[in-house]
Each structure stands twice: as structure tokens, then as C-alpha cells.
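Visitor: Residues in the sequence shown are numbered from 0 upward in steps of one, following numbering that gives the first Met the number 0.
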Amino acid sequence: MLVLLVGLNLRPILAAIGPLLDEIQAATGLGSAGAGALTTLPIAAMGFCALGGAMLQAKLGERRGVALGLTLVALASALRWGSPNGAGLILTAALGGVGIALVQALIPAYIHRCHPQRTSALMGLYTTGIMGGAALAAASAAPLAERFGWANGLALWAIPAVLTLSIWWNLARPPITTGRTASRPLPLKSPHAWRLLLFFGIGTAAYTLVLAWLPPYYTGLGWSATDSGLLLGGISLAEVGAGLLLSALIGRIRQRRPLVLGVLAVVLAGLLCLALAPLALAIPTAILLGVGIGALFPLSLILAMDHARDSADAGSLLGFVQGGGYLIASLAPLGAGFLRDRLASLADAWLLMAVGIMLLMGLALQLTAPSREAQPV
């Protein structure tokens, strides 16, 4: 349950932005590209920090590194109190992204070290916590903004981060050995590691695109900020359900290929509904995207963890996969912002993302070949 609690704090700083984006743009003067940067910069920061995951594991250790990450998340949220300007808001987004990156780079190694027999299940539980935090933030963003103002409502997410920091510091297991774990180099020469990176990156791009732009897409179609936030919250709740189900069943599923291809097909269907019939199929779209993305995100990490031999290897491989993957995913919200500025619509962004998912299907056939499953990178 500790990793679930940590995961809950890793998305509110991002997920609460979308439902309030029109209000934030009006108050700060940010254009669509600048608004996209509120998601792009944290995701990019996650990527850069994750690439140093093995070094962070060796220098800080999982317990101290995760504590530092939670501290930065709390600080970034607190600094949003009092209506910051556009530049200040972007800086807090980047600071929060660094904090999130520290946690995400180190939690997989912590899970692998403390629970080597339950790695897949706990990774699924941890990513379910991430989705749950996004659901809470998206659904509560508009009501909190009405009660406290948009900036102060965003700042309130510092409170659960501080509480989680205290619990983590008291309950997380310290390293058993007194010496530092030797860091391992990033698997730059492994073609299979690069495939895992691309799979995680393109799949996560779908998540970040929906997280950043689905609420503004629906407000542009005439929905209220509250309703669009609730729709994103519903998607995130479906993600939670999919993540919990995956966590419960993944240990029994030896062949990954049918599961991976099925999940990708669900995401593809959701994106096509979003682009072609967003109003008529809003609820089916939410269910398809929630279930598909909710399963795809943890499954991407689990596929990588299948190839890790020990906690040090997990830190190196997951750092590489998440680092490069988040850098790829960070381009999606920014690119969608540019499209919105020029075309006044996000429909083309959803269609481009659908093409990316079709490419992932081909990549999945390579990653889940019987000769490669569970083969160390």
C-alpha cells in the first residue's frame, strides 16, 4: 500500500491543469503552446531525470531519493498559491516534474529490491495509484477553483504530498547492505531496450495528450469546465480499474502478446471515437480510453521489468526506458498546442495519435515474440 500512496501524489500537479486551462490562460495570458508547456516541461523533466536513475539509485538510495522527490512535488504545488504569472506557473510545473522524475526513477528499483517475487503486481498497484491521483485531481479541480480560486486550488495538493512524505520516511525499508549499490550503465547498445523505450514513449504520449488536452477539447465543444473535468476524472477512474485488474491478473498471464495487442486495440478505438464523434460517443470514448490507457501504462513498465535481472538492473533499464520514453511523450502536448493554435481544433491531434498506436501494434509483435519475452536486455 505504501507504493500506492506514493503513486497518488505523482499526477495532481499535471491533471488539475486541464479542466482549468481556459481560466488559467485568461488569467496569465498563456497561448495554447504555452499551455501545452505546462504538461510538456514536467514530462520532459521526468525524462531527463529518469535517464540518471541508476546514478540516483547509487548516490541517493531509493528511500532518500523518493523522499526528495516528494519534497519537490510538495514545494512546487505550494508555490502556486496566490495566482502566479505564466512564467511562474511553468517553473513550478518543471520543478514538480523533477520531483516526480526522482520518484519514478527509484520506485521500480525499490519494489524489485523489497518484493522481488511480487514485482509485476506491485508495479501495477503503483501505476494504479498514479491513475487514481489523476482522477482525484481532475474531478476536483473545478470545485476547488470555485471555492479557493484556481491557483490556491492547485496549491492545496501540497498537503497530501507532505503527508505521504512523512509516511514514506517512517515506513520505507532502508537498504540491507551498508555499501552503495553499484550503478550500471544505460543499455544504449541493446536494440531490445530501444524497442522498449519507443513502446513506452509512444504509449505514454497517448496518456499525456489526453491528460493535457481532453478537457479543453470538450470545453471548446461547449461543455463546462466542471463537466469536462468530470469526464477526465471518469477516464482516470477507468484507468484505476484497469490497473487494479491488471495487477491482479498479470502474474497468471504468461503470454503477453494477446493482452498487449488487445489493450492497444482498445486505445485505438477510443482515439478514433474522440476524433470522429466526441459528443455522440463521449461516454464510450471515456470508457475505451480509460480502460486502454489504464492497462497500457503499467503494462509498458511491466514489459520492461520482465527483462530486469535485479534491482540495479531494474534501475538502469527503467531509467533508460522511462527517460527516453518521457522525452518522446513530452512532445505530444506541445505539438497538440501548436495544432490548436493553427487549426483551432484538436481532432487532428487525436488522429495522429491513433497512427502512433497502430505503429505500436507492429512494435508489440517484436517485443512479445516468444524468443524475447523475459530475456534480459
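We treat Cβ as the ideally placed atom computed from N, Cα and C, and that holds for glycine.
So within the segment 164-248, which uninterrupted alpha helix (DSSP H) runs reach at least 4 residues, ignoring any that extend past its ends?
Guide: 190-219 and 224-248
Visitor: Run the CB neighbour count on tryptophan 168, radius 10 Å, all protein chains shown included, and call it buried at 16 or more, exposed below.
Guide: Numbered from its first residue, the sequence shown carries residue 168 at position 169. Result: exposed.
Visitor: Is DSSP giving tryptophan 16 helix, strand or coil here?
Guide: If you number the sequence shown from 1, residue 16 lands on position 17. Residue 16 is actually isoleucine in this sequence, not tryptophan. Three-state DSSP puts isoleucine 16 in coil, outside helix and strand.
Visitor: So, using beta-carbon positions, are phenylalanine 199 and valine 354 closer together than 7 Å?
Guide: Here residue 199 corresponds to residue number 200 of the sequence shown, with the count starting at 1. Here residue 354 corresponds to residue number 355 of the sequence shown, with the count starting at 1. Against a cut-off of 7 Å, the Cβ pair of valine 354 and phenylalanine 199 comes out as no contact.
Visitor: Please report the straight-line C-alpha distance between arginine 23 and proline 41, rounded to a whole angstrom.
Guide: By one-based count along the sequence shown, residue 23 stands at place 24. By one-based count along the sequence shown, residue 41 stands at place 42. Strictly speaking, residue 23 in this sequence is isoleucine, with arginine absent from that position. The alpha-carbon atoms of isoleucine 23 and proline 41 are separated by roughly 17 Å.
Visitor: I'd like the ranges of any alpha helix (DSSP H) spanning at least 4 consecutive residues and lying wholly in the segment 33-90.
Guide: The segment 33-90 contains these whole alpha helix (DSSP H) runs: 52-58 and 61-77.
Visitor: Considering only their Cβ atoms, is the gap separating leucine 244 from methionine 122 smaller than 7 Å?
Guide: In the sequence shown, residue 122 corresponds to position 123, counting from 1. In the sequence shown, residue 244 corresponds to position 245, counting from 1. The Cβ-Cβ distance between methionine 122 and leucine 244 does not fall below 7 Å.
Visitor: Excluding five sequence neighbours on each side, which residues of the same chain lie with their C-beta closer than 8 Å to the C-beta of threonine 163?
Guide: Against the sequence shown, residue 163 aligns to sequence position 164. These residues qualify, in order along the chain: Leu4, Val5, Leu7, Asn8 and Leu69.
Visitor: So, with DSSP's three-state summary, where would you put histidine 306?
Guide: Translated into the one-based positions of the sequence shown, residue 306 becomes position 307. Note: histidine 306 maps to coil in three-state DSSP.
Visitor: Given this structure, state the Cα-to-Cα distance separating glutamate 61 from leucine 50, to the nearest angstrom.
Guide: Residue mapping note: residue 61 aligns to position 62 of the sequence shown, counting from 1. Residue mapping note: residue 50 aligns to position 51 of the sequence shown, counting from 1. Cα-Cα distance, rounded: 15 Å.
Visitor: What ranges does the beta strand (DSSP E) occupy inside the segment 288-369, keeping only unbroken runs of at least 3 residues that lie completely in it?
Guide: If we require 3 residues or more, the segment 288-369 turns out to have no beta strand (DSSP E) run fully inside it.
Visitor: What is the rounded straight-line gap between the Cα of methionine 130 and the Cα of leucine 13?
Guide: The count along the sequence shown starts at 1 and reaches residue 130 at position 131. The count along the sequence shown starts at 1 and reaches residue 13 at position 14. About 12 Å.
Visitor: Assuming contact is defined by CB atoms lying nearer than 7 Å, are glycine 35 and leucine 333 in contact in what I supplied?
Guide: Within the sequence shown, the letter at position 36 stands for residue 35. Within the sequence shown, the letter at position 334 stands for residue 333. Cβ atoms of glycine 35 and leucine 333: closer than 7 Å.
Visitor: Do alanine 141 and leucine 230 come within 7 Å of each other at the CB atom, strictly closer than that value?
Guide: Residue numbering aside, residue 230 sits at position 231 when the sequence shown is read from its first letter. Residue numbering aside, residue 141 sits at position 142 when the sequence shown is read from its first letter. No, the Cβ-Cβ distance between leucine 230 and alanine 141 is not below 7 Å.
Visitor: Measuring straight from C-alpha to C-alpha, what distance separates serine 31 and phenylalanine 296?
Guide: Here residue 31 refers to the residue found at position 32 of the sequence shown. Here residue 296 refers to the residue found at position 297 of the sequence shown. Going from the Cα of serine 31 to the Cα of phenylalanine 296 covers about 26 Å.
Visitor: If you reduce the DSSP assignment to three classes, tell me which class isoleucine 129 lands in.
Guide: Reading the sequence shown from its first residue, position 130 is the one you call residue 129. The answer is helix: DSSP assigns isoleucine 129 an H, G or I state.
Visitor: Since proline 277 and tyrosine 206 should fall inside the 8 Å C-beta cutoff, what is the C-beta to C-beta distance between them, to a whole number of angstroms?
Guide: The residue given as residue 277 occupies position 278 in the sequence shown. The residue given as residue 206 occupies position 207 in the sequence shown. Their Cβ separation, rounded to whole angstroms, is 18 Å, which puts proline 277 and tyrosine 206 out of contact at 8 Å.
Visitor: Would you tell me roughly how many angstroms separate the C-alpha atoms of isoleucine 292 and glycine 132, rounded to the nearest one?
Guide: Along the sequence shown, read from residue 1 onward, the residue named residue 292 stands at position 293. Along the sequence shown, read from residue 1 onward, the residue named residue 132 stands at position 133. Looking at the two C-alpha atoms, the distance is approximately 15 Å.
Visitor: Going by DSSP, what residue range makes up the alpha helix (DSSP H) through tryptophan 149?
Guide: Taking the sequence shown and counting its residues from 1, the one referred to as residue 149 is at position 150. From DSSP, the alpha helix (DSSP H) with tryptophan 149 extends over 149-154.
Visitor: Go ahead and pull the three-state DSSP assignment for glutamine 254.
Guide: Your numbering for residue 254 matches position 255 in the sequence shown. Here glutamine 254 sits in coil by DSSP.
Visitor: Whose C-beta lies closer than 6 Å to the C-beta of alanine 92 among residues of the same chain, with five residues either side of it excluded?
Guide: On the sequence shown, residue 92 is found 93 positions in, with the first residue counted as 1. For alanine 92, where only same-chain residues beyond five positions count, the Cβ hits under 6 Å are Leu37, Leu40 and Pro41.
Visitor: Which residues in the same chain have their Cβ closer than 7 Å to the Cβ of isoleucine 356, if we skip the five residues on either side of it in sequence?
Guide: Here residue 356 is taken as the residue at index 357 of the sequence shown, counted from 1. Here the set comprises Ala205, Leu263, Val266, Leu267 and Leu270.
Visitor: Suppose contacts are defined by Cβ-Cβ distances below 7 Å. Is cysteine 48 in contact with alanine 108 by that definition?
Guide: Stepping through the sequence shown from its first residue, residue 48 is reached at position 49. Stepping through the sequence shown from its first residue, residue 108 is reached at position 109. It is not a contact, given that the beta carbons lie outside the stated cut-off.
Visitor: Comparing C-alpha positions only, which one of Ala363, Leu19, Thr367 and Ala57 sits nearest to glycine 148?
Guide: On the sequence shown, residue 148 is found 149 positions in, with the first residue counted as 1. Checked all of Ala363, Leu19, Thr367 and Ala57; the closest Cα to glycine 148 is Leu19.
Visitor: Could you tell me the alpha carbon to alpha carbon distance between isoleucine 158 and alanine 224, rounded to whole angstroms?
Guide: The count along the sequence shown starts at 1 and reaches residue 158 at position 159. The count along the sequence shown starts at 1 and reaches residue 224 at position 225. Approximately 24 Å between the Cα atoms of the pair.
Visitor: Report the option in Arg172, Trp222 and Gly233 whose CA atom is closest to the CA atom of serine 139.
Guide: Taking the sequence shown and counting its residues from 1, the one referred to as residue 139 is at position 140. Taking only the C-alpha atoms, the option nearest serine 139 is Gly233.
Visitor: Taking Cβ positions, are serine 246 and leucine 124 nearer each other than 7 Å?
Guide: Working through the sequence shown from its first residue, we reach residue 246 at position 247. Working through the sequence shown from its first residue, we reach residue 124 at position 125. Yes, these two residues count as a Cβ contact at 7 Å.
Visitor: Identify which residue in Arg10, Leu195 and Thr218 has its Cα closest to the Cα of alanine 303.
Guide: Position 304 of the sequence shown, counted from the first residue, corresponds to residue 303. The option with the nearest alpha carbon to alanine 303 is Leu195.
Visitor: Under 7 Å, do methionine 54 and tyrosine 325 count as touching if we go by C-beta distance?
Guide: Here the question's residue 54 lines up with position 55 in the sequence shown. Here the question's residue 325 lines up with position 326 in the sequence shown. It is not a contact, given that the beta carbons lie outside the stated cut-off.
Visitor: If you count every other CB in all the chains shown that lies within 10 Å of the CB of leucine 170, and 16 or more means buried, which is it?
Guide: Indexing the sequence shown from 1 puts residue 170 at position 171. Answer is exposed; the Cβ neighbour count stays below 16.
Visitor: Are glycine 95 and alanine 75 close, meaning C-beta to C-beta below 7 Å?
Guide: Here residue 95 is taken as the residue at index 96 of the sequence shown, counted from 1. Here residue 75 is taken as the residue at index 76 of the sequence shown, counted from 1. Cβ atoms of glycine 95 and alanine 75: closer than 7 Å.
Visitor: Rounded to a whole number of angstroms, what is the C-alpha to C-alpha distance between isoleucine 327 and leucine 143?
Guide: For the purposes of this step, residue 327 is taken as the residue at position 328 of the sequence shown. For the purposes of this step, residue 143 is taken as the residue at position 144 of the sequence shown. One Cα belongs to isoleucine 327, the other to leucine 143, and the distance between them is close to 32 Å.
Visitor: What's the C-alpha gap between glycine 128 and glycine 242?
Guide: Translated into the one-based positions of the sequence shown, residue 128 becomes position 129. Translated into the one-based positions of the sequence shown, residue 242 becomes position 243. Roughly 9 Å between the two C-alpha positions.
Visitor: Judging by CA-CA distance, which residue of Arg253, Leu359 and Ala281 is the nearest neighbour of serine 119?
Guide: The residue you call residue 119 lines up with position 120 of the sequence shown. Minimum Cα distance to serine 119 is reached at Arg253.
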